[in-house]
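4 protein chains.
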Amino acid sequence: MSVPALHDDRRIVLTLGCPDSVGIVARITGFIAENGGSIVEAGYHADAATGWFFTRQAIRASSVADGVDAFRAKFAGVAAEFGPETDWSVHDSGTPKRVVLLVSKEGHCLHDLLGRAAGGELPATIEAVIGNHTDLQRVVEAHGVRFHHVPFARDPAERGPAFDEVRELVDAHNPDAVVLARFMQVLPAELCEHWTGKAINIHHSFLPSFVGARPYHQAFARGVKLIGATCHYVTAELDAGPILEQDVIRVDHADEVRDFVRQGRDIEKLVLARGLRWHLEDRVLVHGGKTVVFS
Amino acid sequence: MSVPALHDDRRIVLTLGCPDSVGIVARITGFIAENGGSIVEAGYHADAATGWFFTRQAIRASSVADGVDAFRAKFAGVAAEFGPETDWSVHDSGTPKRVVLLVSKEGHCLHDLLGRAAGGELPATIEAVIGNHTDLQRVVEAHGVRFHHVPFARDPAERGPAFDEVRELVDAHNPDAVVLARFMQVLPAELCEHWTGKAINIHHSFLPSFVGARPYHQAFARGVKLIGATCHYVTAELDAGPILEQDVIRVDHADEVRDFVRQGRDIEKLVLARGLRWHLEDRVLVHGGKTVVFS
Amino acid sequence: MSVPALHDDRRIVLTLGCPDSVGIVARITGFIAENGGSIVEAGYHADAATGWFFTRQAIRASSVADGVDAFRAKFAGVAAEFGPETDWSVHDSGTPKRVVLLVSKEGHCLHDLLGRAAGGELPATIEAVIGNHTDLQRVVEAHGVRFHHVPFARDPAERGPAFDEVRELVDAHNPDAVVLARFMQVLPAELCEHWTGKAINIHHSFLPSFVGARPYHQAFARGVKLIGATCHYVTAELDAGPILEQDVIRVDHADEVRDFVRQGRDIEKLVLARGLRWHLEDRVLVHGGKTVVFS
Amino acid sequence: MSVPALHDDRRIVLTLGCPDSVGIVARITGFIAENGGSIVEAGYHADAATGWFFTRQAIRASSVADGVDAFRAKFAGVAAEFGPETDWSVHDSGTPKRVVLLVSKEGHCLHDLLGRAAGGELPATIEAVIGNHTDLQRVVEAHGVRFHHVPFARDPAERGPAFDEVRELVDAHNPDAVVLARFMQVLPAELCEHWTGKAINIHHSFLPSFVGARPYHQAFARGVKLIGATCHYVTAELDAGPILEQDVIRVDHADEVRDFVRQGRDIEKLVLARGLRWHLEDRVLVHGGKTVVFS
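Sequences listed follow chains A, B, C and D, in order.
The first sequence runs 1 to 295 under UniProt numbering.
The second sequence runs 1 to 295 under UniProt numbering.
The third sequence runs 1 to 295 under UniProt numbering.
The fourth sequence runs 1 to 295 under UniProt numbering.
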């Protein structure tokens, strides 16, 4: 699936997190200027609670004469000055990110992401969709995207081989993001570990409220006046990973659980699409179980 | 395209608007009770500005022993008591509403509505999609929906025959709603008249701000902090029809017009989907250029 | 403190909850019509989960020739037809509701409610403010409202006498609402019981997230992207009472706990003001630990 | 009126706007680092439409050994390098900003701002309130703030002397912000000019919809589904100045104009408070009739 250019300019995107100290910004922006870099967008955050510093710089690619690879190689020397814990990356937006989606039967998040990709709105290519059911196969293929069917055993204890197959299929695409688009299966701890920082889930509640199964039923029972959705990185602890994005929608006494389900879909779609977009544009830095999002 | 039942119950939906007076509610609900009708949902509005009364009653269909046709026939006598201006309808939700979509090249509203239909969420069948370009044909057909291509002349003065063809194609489906899903063509006055109360448009601004062409460019020039979308009935006066629904999304100085376009799509999709849903569920009563929406 | 009339008309407000059956609406609206009642606003809810029916009718007071007392007396006979569990009330909006506020040191909710009362916006009189500190006394008195200072012992085990004094002071005003406007004290179970259905609290989180102490600190630790506030009736179980209203506000990684505190105040003020208004206008019916709000 | 420290740290806040070119950020942050400055918060914006660059830097005051005056004096040399159009400022948050409020009879914005000031939430002192009526005098004085009464002639043509008196009273306080808190008087062009960049108005519509008088009546007539408020700098062209902040609130068919008025107040208060806060914290840079807001 090709990605039409919505933005007409390529960017070199630099992200960095390290212990804070005086002069980091000057050092980094000095380096960028020395390399001719024209900064189009910049985000900074000095975190008082942890003492860390975070930045994201988007640089007009055409302004860096030596190209992204030379830029990255040279920057490694700068990053080293900030200590061994420093976490950094340099990405060329001209090289599209790659996404694999995991789905089950419910198609709303899938339809939404396929529609965004078709409109050139997703800063990535959807490489493949893997489903434990075939309900969504036809539309996936109409969008020119490969669909893999991996059936799952009824007994959760026997799903190991299916997860192994999913892992192999996913990894074959070397994706930048593995999206659980209402996949409805809890990933084994070793898969969470294996895909740390790239597996993204959409949970249909405003976490930490209503962790686990049937959150809309839990919300209905409590009588809340807003329902929500949370996009988070997948970690071994259920629904406890770093939160990328959340939003809510108003409900009232006249709404039954099925109305929560229907209305909640609109928030799930939006929250997942926003979180995924930020992840793909290198806007999200993770530290201490929380995210810095330069949106 | 079939519509799976999200709601397990059929409803008889009664709507009525008439000059207000004491006792109307008692008369109507007395009639419903006499016919065994179990009211599931009810909306009332006494409009102080116009002196009109409006109601919508959703009745469990199975509770009305004589069936919807007999109910409607008997109710005609009741409605007549409220004067000649009375505007009323009785609809059986077991008979799905019918929708025709008009599109151009931009697919976001189309993808959204097709996804909702596929998920059983739209209280209607999408009978056909008519496009003045073929860009969206493939996905429409993958959803099992008929696509008609009607090319439009470059010269607006020569588009009469194309509009005639669109009118004929649309009317052949006898639709309850004709949705301009980013159709990008201004309907001739006689078509607006012909489809009064069923042609629905999505305009990409918070009307009455930014009427007409390129509203996102107008919004950018003014420096607004929110952009919006408006779902309205089409009338001969451009972007001036009764408003079904509106919403907004936050933007800031870092957003360029292309960002407005991208972010605005999410609001356009939601606002159109909500407005269309309310129209199809007989939740919208029009009076004096404004809507009463029993949402 | 006098309450200028924002609304020019007096209303008789009838509320009723009872087991659902066919014909209740017809019976009630028939009764209203027989008494000449002109219905200005009406809300209905048939609750599928509990099988109960709820309604609120606002009737133009001047249209009921016999007056509210006769109306109420006659309606008692109608209500009796719906069974012994029926819960109903008839209130004349010409008789202002009475409110007592409990406060501590933080004044934002208090200032907000005093401002609303001064603007004629609160459908009630503020009879008194009781504080366990004197910080807010001066402004309360500038608004012409009585302030009572009741010091609380440092040791929670020794606060019984103070709570007794608060109870006596509150009850002397025979209030329709006892508002814990950031009172910061957990009411003893017997006071919760004593003020059932009239004690209203504002909790500074989106319940059921972050029950108990320091919810903004809890929210910061979890890294949520929205913070919220919840207005609920006070019950013996902490922060678990029926929810009247909730709302949220967006935060991001740059916000520290003190920013949560500052921004959260705006949501606390709005959520409390809306919930209290609905309570005072008899828009809230409680059943099964949840609320029906005819807003 | 004293301002308790909500934030425990003093900041030196540097703002700058100039034609964009490579190396500006490096130059500025290099200068800050040379002076020992620890950057706590930073915002950048390169504006593609105008070719301008904007930044705001908040520096821990204690990290700049030489103090703010020396820092400012030295920075003047740096700013000069960016060309004669460069617009910059250096402010010490330890020197509180000064605000004068203009009011009429409606008190909701005034009460809100006084409450915020009392809670230590406003990053400024309220130096005085000037009213063309005395309705709000008592509460202003209870907050320890000076109230000036300046009566206005009924005939708009004869209000010149009153405006002269207002000007003199305001200027005597040398304020950083002159807030028209529902002042209801159109400032003469020369006063708009005189207070350019510091006179802030709250307009009760989502501009550019409903410019001028009685915007809620205009909104009601059009049948919009959201009403809004706009905080903007005052310019000679009515309601056309650079927008600081906007927001909206949902209304429906049941809301009359008086309900718009009541509900709109909540949005007016919030939008004014946010816009004013950003202005006082030097977060707003104006260029080409629009604002850059580093919120």
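Idealized CB from N, CA, C, for every residue including glycine.
The model shown is predicted, which means the values in this text are computed figures rather than measured ones.
Check                                                                                                                                                                                    : Outcome
Going by DSSP, what residues sit across from residue 296 of chain A in a beta bridge?                                                                                                    : Beyond the ends of chain A as shown, which are 1 and 295, falls residue 296 of chain A; an answer cannot be given.
Excluding the five sequence neighbours on either side, which residues of its own chain have a C-beta within less than 6 Å of the C-beta of residue 56 of chain A, listed in chain order? : 15, 43 and 294
Give, in chain order, every residue of the stretch 215 to 226 of chain A whose Cβ lies closer than 7 Å to some Cβ of chain C.                                                            : 222, 223, 224, 225 and 226
In this structure, how does DSSP classify residue 154 of chain C when only helix, strand and coil are distinguished?                                                                     : coil
In this structure, does DSSP put residue 115 of chain A in helix, strand or coil?                                                                                                        : helix
Between which two residues does the alpha helix (DSSP H) holding residue 74 of chain D run?                                                                                              : 68 to 80
Considering only residues of the same chain and omitting the five flanking positions on each side of residue 189 of chain B, which have a CB-CB separation below 6 Å?                    : 236
Count the other CB atoms within 10 Å of the CB of residue 212 of chain A; is the residue buried (16 or more) or exposed (fewer)?                                                         : exposed
Mapping the DSSP letters down to three states, classify residue 291 of chain B as helix, strand or coil.                                                                                 : strand
Within 10 angstroms of the Cβ of residue 4 of chain C, are there 16 or more other Cβ atoms? Answer buried if so, exposed if not.                                                         : Here residue 4 of chain C scores only 36 on pLDDT, less than 50, and its place in the model should not be relied on; the value that follows carries that caveat. Exposed, because fewer than 16 other Cβ atoms sit within 10 Å of the Cβ of residue 4 of chain C.
Just to confirm my understanding: we take residue 271 of chain B, look at its own chain, exclude 5 residues before and 5 after, and list those with CB closer than 6 Å. What are they?   : 229, 231, 245 and 247
Would you call the CB atoms of residue 132 of chain B and residue 89 of chain B closer than 8 Å?                                                                                         : no
Given this structure, state the Cα-to-Cα distance separating residue 315 of chain C from residue 102 of chain D, to the nearest angstrom.                                                : Residue 315 of chain C lies beyond the residue range present for chain C, which begins at 1 and ends at 295; the question has no answer from this structure.
Using a Cβ cut-off of 8 Å (strictly closer), state whether residue 284 of chain D contacts chain A.                                                                                      : no
With a cut-off of 8 Å, does the C-beta of residue 263 of chain D fall near any C-beta of chain B?                                                                                        : no
Count the CB pairs spanning the stretch 263 to 283 of chain C and the stretch 257 to 267 of chain A that are closer than 8 Å, and state whether there are at least three.                : no
At the 8 Å Cβ level, is residue 119 of chain D part of the contact set with chain B, yes or no?                                                                                          : no
Inspect the CB distances between the stretch 176 to 193 of chain C and the stretch 207 to 224 of chain A and report whether three or more fall short of 8 Å.                             : no
Examine chain B for any beta-carbon lying closer than 8 Å to the beta-carbon of residue 48 of chain D, and answer yes or no.                                                             : yes
Residue 249 of chain C to residue 234 of chain B, Cα distance in whole Å?                                                                                                                : 35 Å
Thinking C-alpha only, which one of D/226, D/169, D/138 and D/49 is nearest residue 267 of chain D?                                                                                      : D/226
Between which two residues does the alpha helix (DSSP H) harbouring residue 261 of chain D extend?                                                                                       : 257 to 280
Per DSSP, residue 19 of chain A forms a beta bridge with which residues?                                                                                                                 : A/52
Classify residue 205 of chain A: buried if its beta carbon has 16 or more other beta carbons within 10 angstroms, exposed otherwise.                                                     : buried
Just reading off the alpha helix (DSSP H) that residue 125 of chain C is part of, what are its end residues?                                                                             : Counting along the chain, residue 125 of chain C falls outside any alpha helix (DSSP H), though it belongs to the beta strand (DSSP E) covering 124 to 131.
Among residues of its own chain, excluding the 5 on either side of residue 64 of chain D, which ones have a beta-carbon nearer than 7 Å to its beta-carbon?                              : 12, 35, 36, 37 and 71
Just by C-beta distance, which residues in the stretch 106 to 138 of chain D are closer than 7 Å to chain B?                                                                             : none
Pick from B/85, B/203, B/224 and B/160: whose alpha carbon is nearest that of residue 207 of chain D?                                                                                    : B/224
What in chain B is Cβ-close to residue 293 of chain D, meaning under 7 Å?                                                                                                                : 252 and 253
Where DSSP assigns a beta bridge to residue 90 of chain A, which residues make up the other side?                                                                                        : A/14
Which residue comes first and which comes last in the beta strand (DSSP E) that contains residue 64 of chain C?                                                                          : Premise fails: residue 64 of chain C is in no beta strand (DSSP E) and is neither H nor E.
Where does residue 93 of chain C land, buried or exposed, given buried means 16+ other C-beta within 10 angstroms?                                                                       : buried
Note down the Cα distance separating residue 183 of chain D from residue 106 of chain D, rounded to an integer number of angstroms.                                                      : 8 Å
Can a CB atom of chain B be found closer than 8 Å to the CB of residue 6 of chain C?                                                                                                     : In this predicted model, residue 6 of chain C has a pLDDT of only 37, less than 50, meaning its place in the structure is not dependable enough to derive any value.
Residues in the same chain with beta-carbon distance under 8 Å from residue 242 of chain B, minus the five sequence neighbours each way, listed in chain order, please.                  : 232, 233, 235, 286, 289, 290 and 291
Tell me where the beta strand (DSSP E) around residue 47 of chain D begins and ends.                                                                                                     : 39 to 47
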